[in-house]
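Asks: These protein sequence lines are chains A and B, in that order. So for the first sequence, the numbering used here puts the first residue at 734; every next one is plus one. So for the second sequence, the numbering used here puts the first residue at 734; every next one is plus one. There's a structure below that I have some questions on.
2 protein chains.
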Amino acid sequence: MSNLAKVAKARAEDSVDTLLARRNALMGPNAPLLYESPLYLTEGRGVWLFDDKGRRYLDAYNNVPHVGHSHPAVVEAVTKQLGMLNTHSRYVSKVVLDYHEQLLSIVDLPQARGVLTCTGSESNELALRMARHITGHAGIIVTDYTYHGNTAAVAELSTAFDVNPTGLPNYIRAIRAPALPPKVQRGEGSPTEETLKAAYLKEVKDAIAYFDSHGIGVAAILLDPIFSTDGLPDVVPGFVKEAVELVHQAGGLYIADEVQPGLGRCGETWWGYQLHDAQPDIITLGKPLGNGYPVAGLIGRAEIVDRFRSEVMYFNTFGATPVACAAGSAVLQVIERENLIDNARETGSLMLRKLSELTSKHDCIGDVRGKGLFIGVELVEKGGRYEPDSKMAKRVIEGMRNEGVLISKIGKYDNVLKIRPPMPFTAEHVTQFVDSMDLVLSNLR
Amino acid sequence: MSNLAKVAKARAEDSVDTLLARRNALMGPNAPLLYESPLYLTEGRGVWLFDDKGRRYLDAYNNVPHVGHSHPAVVEAVTKQLGMLNTHSRYVSKVVLDYHEQLLSIVDLPQARGVLTCTGSESNELALRMARHITGHAGIIVTDYTYHGNTAAVAELSTAFDVNPTGLPNYIRAIRAPALPPKVQRGEGSPTEETLKAAYLKEVKDAIAYFDSHGIGVAAILLDPIFSTDGLPDVVPGFVKEAVELVHQAGGLYIADEVQPGLGRCGETWWGYQLHDAQPDIITLGKPLGNGYPVAGLIGRAEIVDRFRSEVMYFNTFGATPVACAAGSAVLQVIERENLIDNARETGSLMLRKLSELTSKHDCIGDVRGKGLFIGVELVEKGGRYEPDSKMAKRVIEGMRNEGVLISKIGKYDNVLKIRPPMPFTAEHVTQFVDSMDLVLSNLR
Chain A
734 MSNLAKVAKA RAEDSVDTLL ARRNALMGPN APLLYESPLY LTEGRGVWLF
784 DDKGRRYLDA YNNVPHVGHS HPAVVEAVTK QLGMLNTHSR YVSKVVLDYH
834 EQLLSIVDLP QARGVLTCTG SESNELALRM ARHITGHAGI IVTDYTYHGN
884 TAAVAELSTA FDVNPTGLPN YIRAIRAPAL PPKVQRGEGS PTEETLKAAY
934 LKEVKDAIAY FDSHGIGVAA ILLDPIFSTD GLPDVVPGFV KEAVELVHQA
984 GGLYIADEVQ PGLGRCGETW WGYQLHDAQP DIITLGKPLG NGYPVAGLIG
1034 RAEIVDRFRS EVMYFNTFGA TPVACAAGSA VLQVIERENL IDNARETGSL
1084 MLRKLSELTS KHDCIGDVRG KGLFIGVELV EKGGRYEPDS KMAKRVIEGM
1134 RNEGVLISKI GKYDNVLKIR PPMPFTAEHV TQFVDSMDLV LSNLR
Chain B
734 MSNLAKVAKA RAEDSVDTLL ARRNALMGPN APLLYESPLY LTEGRGVWLF
784 DDKGRRYLDA YNNVPHVGHS HPAVVEAVTK QLGMLNTHSR YVSKVVLDYH
834 EQLLSIVDLP QARGVLTCTG SESNELALRM ARHITGHAGI IVTDYTYHGN
884 TAAVAELSTA FDVNPTGLPN YIRAIRAPAL PPKVQRGEGS PTEETLKAAY
934 LKEVKDAIAY FDSHGIGVAA ILLDPIFSTD GLPDVVPGFV KEAVELVHQA
984 GGLYIADEVQ PGLGRCGETW WGYQLHDAQP DIITLGKPLG NGYPVAGLIG
1034 RAEIVDRFRS EVMYFNTFGA TPVACAAGSA VLQVIERENL IDNARETGSL
1084 MLRKLSELTS KHDCIGDVRG KGLFIGVELV EKGGRYEPDS KMAKRVIEGM
1134 RNEGVLISKI GKYDNVLKIR PPMPFTAEHV TQFVDSMDLV LSNLR
């Protein structure tokens, strides 16, 4: 026990270097860490993060603090409920039911049930278990640079990030994300939307045919409705609707992964799936729900959830606890009270327009696209060859960090800047962001 | 958005019945729920839970509120950190490192690393992924009435609770838990400990031989060191050590699942694995770490963790956040400050003794056993036939609930009362518990 006391002693002289050495020893040298010169953060407020020297960073990356870092309404709700009661969900709790009711009220699926979990990975896990159990099929269709979580059954879906070094098993088929070409490449001589749609749909048909001919059958198509990790492309109109119809005809389900697009981020609707004309059988939820308190889950058609529940025992210790639900409710109330969906639409449009204006000045910008407060800037090699430039993306991210702005990157070619700030991002922040980007790109010429 | 406001309206006239109707509609009729007459709980303090009528219940079941419901030190630590900063683990954070250091200081594995996750299921998932990746084998040995979590890869290990209706795949072999017979059946004429050990070890050998002959190979033996869900048996001395040696010789790892026995519950050591003379390669942690705030993880040998980390990208959004680590640290400090491990040993011994004294009065008690504040009471049919009596167990649980005491049940035959209270359980609580048990058993004669 004396070790504990020793560890708790104050370490007045902590520096990033000594902390990094401790980190390597305690968490291992390969535990993921952002930036060449990692950030030692000590405080967060709204869209701002602060390091140990008091330097502030504009956070244009983190979506978990959905309504802003350390939002007082969420802190208060969690504190109050944590001091009152926090049990698992096998007792009756009013705060738990209220949150389910609120969630279901903003998901326009008829006759749906909520099943809360603790993490987005657990939500996608559960959705796959349900789909396979209900359909009796094993096959899952995903896009080819997707990410749906860190557990075995969802990690094996992924070809992104070296999550799954063994490659895809035969019960998983990956299709290309249904991307329109970058805006500059559209127009005369390029394939029409109809041609593209037919090509992408053929991949869905081929996957279904493969599953059928191998006795696997299609259990589900699992899509992030805005294809975030694939690079946030402009999506071929009509693709999602028709792909879902094909899967439904083959006896499979449509699972919409709302971990990234959900909760109003896209600025038009509460959920990403609502951007397409196709109703999911299950939607999965994660990251932003509790503003940092772990809250996740799925909402599924009643007949699916009820049958699964009656045939398979599923219990999640940290899912649907009173504190998780108090956090979730507080987040929904803040979104409403602070008009954060409207803000995402308006601020997002401004950001999109201002970033697009940089295109004429910086020819490394190949495309600017996105929805609401989720924006991608595709970087390409100069000189019109339009080759993905992942090195440039890395340099821009480091440059932005040095200018005090946090972003990341996505896409199959690792060349799309990922801009996904907390929702209370305003016009003032856009100005700082775009000025910094302009400066960094100018310096990297 | 108007729906949200409607939902938030106060409902002054809530009763258990109206809440249950809402629950069926929102969560589905088959969402797990305890008791014939479910509890509507509104408050928790220490070892006490309170319902909406102000009636109090002695909690002798819940292990998540490890240091007591609503412990003010944990509430304060979470509140303070939540109001300061709560990010993922790819930035440097002192509170995160401090918690890792504290955890590693109480785990006596040389050269170990911590990998925090959010839930116990994710911890066991990750341990299996690591074991399979490192060994190149797929086979897992578990006990035959175990439970290690709710995700696909861990649910498929289980034959308990109808978690896994499809049965075991061929890369999972289940052995019997290495149980000594109930105390009354030991002695002359019954098999010796050596005979039993040999029989149980033969099952391990057979499992390894099966994996080897099918080209599967053994990746790990995954054991709860106190075999909680199997019914908390007295364990055959020497079994764990020799079983682990067999697995190591065959190239597999030993994973100790500390989700239930860990954090001092057994009253002698911080961890259940320390009750046996065998060092795990990986220990997995869950439920009690954050006293209700979701904290979980694994601690593994450095060479395993580092190799996995260098070859597979693993990231967990809600794992190793500053708030999770602040909660975890607060729990460790409370355990130390309030001498809760000593208390578990002393109060647990008293409970074990007093419950054993009931045996002479109530012949439905076939055995009383356990470690520290985790105690099992095996119920059997009357008249010396010593058949498991699961119906009696159910009636006792309901009877205890009506007397204001919460317990549950475990074991392959669903006939072992599960007594696993928050750690600040005292002699006074033991008296109330045993008096209630005496009364309930007398009434059920």
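Backbone N, C-alpha and C define an ideal beta-carbon position, used for all residues, glycine too.
Taking 8 Å as the CB-CB limit, is tyrosine 773 of chain B close to chain A?
Replies: What you label residue 773 of chain B is simply residue 40 of the second sequence in a count that begins at 1. So yes, tyrosine 773 of chain B belongs to the interface.
Asks: For isoleucine 949 of chain A, which residues of its own chain have a beta-carbon under 6 Å away from its beta-carbon, when the five flanking residues on both sides are left out?
Replies: What you label residue 949 of chain A is simply residue 216 of the first sequence in a count that begins at 1. If we look at isoleucine 949 of chain A and ignore the five residues flanking it on each side, its Cβ neighbours are Ala871, Gly872 and Tyr904.
Asks: Apart from the five residues just before and just after glycine 1081 of chain A, which ones in its own chain have a Cβ nearer than 6 Å to its Cβ?
Replies: If you number the first sequence from 1, residue 1081 of chain A lands on position 348. These residues qualify, in order along the chain: Gly1000, Gly1105 and Leu1106.
Asks: Once DSSP output is grouped into helix, strand and coil, what is the label at arginine 788 of chain B?
Replies: To locate residue 788 of chain B, count along the second sequence from 1; it is residue 55. Looking at arginine 788 of chain B - three-state DSSP - the assignment turns out to be coil, as it is neither helix nor strand.
Asks: Under the rule that 16 or more other beta-carbon atoms within 10 Å means buried, what is glutamate 927 of chain A, buried or exposed?
Replies: Here residue 927 of chain A is taken as the residue at index 194 of the first sequence, counted from 1. Under this definition glutamate 927 of chain A is an exposed residue.
Asks: Bridge partners of threonine 850 of chain A, per DSSP?
Replies: Counted from its first residue, the first sequence places residue 850 of chain A at position 117. According to DSSP, threonine 850 of chain A bridges with A/Ala1029.
Asks: Could you check whether the stretch 968-986 of chain A touches the stretch 932-945 of chain A, counting it as contact only if at least three pairs of C-beta atoms, one from each stretch, sit closer than 8 Å?
Replies: Contact holds: three or more Cβ-Cβ distances are below 8 Å.
Asks: I'd like to know whether the C-beta of threonine 1054 of chain B is nearer than 8 Å to at least one C-beta of chain A.
Replies: Counted from its first residue, the second sequence places residue 1054 of chain B at position 321. Taking Cβ atoms only, chain A reaches closer than 8 Å to threonine 1054 of chain B, which makes this a yes.
Asks: Comparing C-alpha positions only, which one of B/Val1163, B/Ala1057, B/Arg1078 and B/Leu956 sits nearest to threonine 1002 of chain B?
Replies: Your numbering for residue 1002 of chain B matches position 269 in the second sequence. Selected option, being the one with the closest Cα: B/Arg1078.
Asks: Could you tell me whether the stretch 911-924 of chain A touches the stretch 835-852 of chain A, where touching means 3 or more Cβ pairs closer than 8 Å?
Replies: No, they do not touch.
Asks: Would you tell me roughly how many angstroms separate the C-alpha atoms of serine 1169 of chain A and valine 780 of chain A, rounded to the nearest one?
Replies: By 1-based counting over the first sequence, the position of residue 1169 of chain A is 436. By 1-based counting over the first sequence, the position of residue 780 of chain A is 47. Approximately 16 Å between the Cα atoms of the pair.
Asks: Just verifying my parser: in three-state terms, what is the DSSP assignment at alanine 952 of chain B?
Replies: Residue 952 of chain B sits at position 219 when you count from the first residue of the second sequence. Alanine 952 of chain B falls in the strand class under three-state DSSP.
Asks: Which residues in the same chain as glutamine 918 of chain B place their Cβ atom closer than 8 Å to its Cβ, once the five residues preceding and following it in sequence are excluded?
Replies: The residue labelled residue 918 of chain B in the question sits at position 185 within the second sequence. Counting only Cβ-Cβ distances below 8 Å, and skipping sequence neighbours, we find Tyr1119.
Asks: Run down chain B in chain order and give the residues with a C-beta less than 9 Å from the C-beta of asparagine 819 of chain A.
Replies: Here residue 819 of chain A is taken as the residue at index 86 of the first sequence, counted from 1. Near asparagine 819 of chain A (Cβ distances below 9 Å), the residues of chain B are Gly777, Val797, Pro798, His802, Ser803, Asn1024, Gly1025 and Tyr1026.
Asks: For a contact meaning CB atoms closer than 9 Å, what does proline 762 of chain B contact in chain A?
Replies: For the purposes of this step, residue 762 of chain B is taken as the residue at position 29 of the second sequence. Under the 9 Å cutoff, chain A gives Asp1039, Arg1042 and Ser1043.
Asks: Where does phenylalanine 783 of chain B sit, in a helix, a strand or coil, going by DSSP?
Replies: Here residue 783 of chain B refers to the residue found at position 50 of the second sequence. The answer is strand: DSSP assigns phenylalanine 783 of chain B an E or B state.
Asks: Sort out for me which residues DSSP pairs lysine 1151 of chain A with in a bridge.
Replies: Locating residue 1151 of chain A in the first sequence gives position 418, where the first residue counts as 1. A/Gly1109 and A/Ser1141, per the DSSP bridge assignment.
Asks: Along chain A, which residues have their Cβ under 9 Å away from the Cβ of valine 808 of chain B?
Replies: The residue you call residue 808 of chain B lines up with position 75 of the second sequence. Within 9 Å Cβ-Cβ: Thr812, Leu815 and Gly816.
Asks: Can you find a C-beta in chain B that's less than 8 Å from the C-beta of asparagine 903 of chain A?
Replies: On the first sequence, residue 903 of chain A is found 170 positions in, with the first residue counted as 1. Chain B, which has no Cβ nearer than 8 Å to the Cβ of asparagine 903 of chain A, makes this no.
Asks: Against chain A, does valine 825 of chain B count as a neighbour if the rule is that its beta carbon must be under 8 Å from one of theirs?
Replies: If you number the second sequence from 1, residue 825 of chain B lands on position 92. At least one chain A Cβ lies under 8 Å of valine 825 of chain B.
Asks: Within 8 Å (strictly less), CB to CB, does lysine 1127 of chain A reach chain B?
Replies: Taking the first residue of the first sequence as position 1, residue 1127 of chain A is located at position 394. Output row for lysine 1127 of chain A: interface = no.
Asks: Reducing DSSP to helix, strand and coil, say where valine 1163 of chain B ends up.
Replies: Here residue 1163 of chain B refers to the residue found at position 430 of the second sequence. It is helical.
Asks: Let me confirm a value: glycine 787 of chain B is counted as buried when at least 16 other C-beta atoms fall within 10 Å, else exposed. Which label applies?
Replies: In the second sequence, residue 787 of chain B corresponds to position 54, counting from 1. Glycine 787 of chain B should be labelled exposed.
Asks: Candidates A/Val1163, A/Phe972 and A/Val828: which alpha carbon is nearest lysine 938 of chain A's?
Replies: Taking the first sequence and counting its residues from 1, one reaches residue 938 of chain A at position 205. Of the listed residues, the one whose Cα sits closest to lysine 938 of chain A is A/Phe972.
Asks: Excluding the five sequence neighbours on either side, which residues of its own chain have a C-beta within less than 6 Å of the C-beta of valine 1112 of chain A, listed in chain order?
Replies: Residue numbering aside, residue 1112 of chain A sits at position 379 when the first sequence is read from its first letter. According to the sequence displayed, residue 1112 of chain A carries leucine and not valine. Within the same chain, leucine 1112 of chain A has close Cβ partners Cys1097, Asp1122, Met1125, Ala1126 and Asn1148.
Asks: Please state the DSSP three-state secondary structure of leucine 929 of chain A.
Replies: As a working mapping, residue 929 of chain A is identified with position 196 in the first sequence. Here leucine 929 of chain A sits in helix by DSSP.
Asks: Could you check how far apart the C-beta atoms of isoleucine 954 of chain B and proline 994 of chain B are, in whole angstroms? I think they sit under 8 Å.
Replies: Here residue 954 of chain B corresponds to residue number 221 of the second sequence, with the count starting at 1. Here residue 994 of chain B corresponds to residue number 261 of the second sequence, with the count starting at 1. Contact doesn't hold; Cβ gap of about 16 Å is too wide.
Asks: Is the Cβ-Cβ distance between histidine 866 of chain B and glutamate 1044 of chain B less than 8 Å?
Replies: Within the second sequence, residue 866 of chain B is the residue found at index 133, counting from 1. Within the second sequence, residue 1044 of chain B is the residue found at index 311, counting from 1. Yes, the Cβ-Cβ distance between histidine 866 of chain B and glutamate 1044 of chain B is below 8 Å.
Asks: How is alanine 940 of chain A classed by DSSP in three states: helix, strand or coil?
Replies: By 1-based counting over the first sequence, the position of residue 940 of chain A is 207. Looking at alanine 940 of chain A - three-state DSSP - the assignment turns out to be helix.
Asks: Quick check on this structure: which residue in B/Leu818, B/Glu855 and B/Leu836 has the alpha carbon closest to the alpha carbon of tryptophan 1004 of chain B?
Replies: Numbered from its first residue, the second sequence carries residue 1004 of chain B at position 271. That would be B/Leu836, whose Cα lies nearest to the Cα of tryptophan 1004 of chain B.
Asks: Output the boundary residues of the alpha helix (DSSP H) element that contains tyrosine 832 of chain A.
Replies: Counting from 1 along the first sequence, the entry for residue 832 of chain A is found at position 99. Note, tyrosine 832 of chain A: alpha helix (DSSP H), 827-838.
Asks: What residues in the stretch 991-1023 of chain B have a beta carbon less than 8 Å from any beta carbon of chain A?
Replies: Going along the stretch 991-1023 of chain B in chain order, one finds Gly1019 and Lys1020 with a Cβ nearer than 8 Å to chain A.
Asks: Relative to the alpha-carbon of glycine 964 of chain B, which residue among B/Leu1031, B/Gly1144, B/Gly777 and B/Ser748 has its alpha-carbon at the smallest distance?
Replies: By one-based count along the second sequence, residue 964 of chain B stands at place 231. Cα-wise, what sits closest to glycine 964 of chain B is B/Gly1144.
Asks: Closer than 7 Å, Cβ to any Cβ of chain B: which residues of the stretch 1143-1175 of chain A, in chain order?
Replies: Residues: none.
Asks: Using CA atoms only, rank isn't needed, just tell me which of B/Ile1015, B/Ser770 and B/Pro762 is closest to serine 856 of chain B.
Replies: Position 123 of the second sequence holds residue 856 of chain B. Taking only the C-alpha atoms, the option nearest serine 856 of chain B is B/Ile1015.
Asks: What residues of chain B sit near arginine 919 of chain A, judged by a beta carbon separation below 9 Å?
Replies: Counting from 1 along the first sequence, the entry for residue 919 of chain A is found at position 186. Within chain B, no residue comes near arginine 919 of chain A; the closest Cβ sits about 34 Å away, beyond 9 Å.
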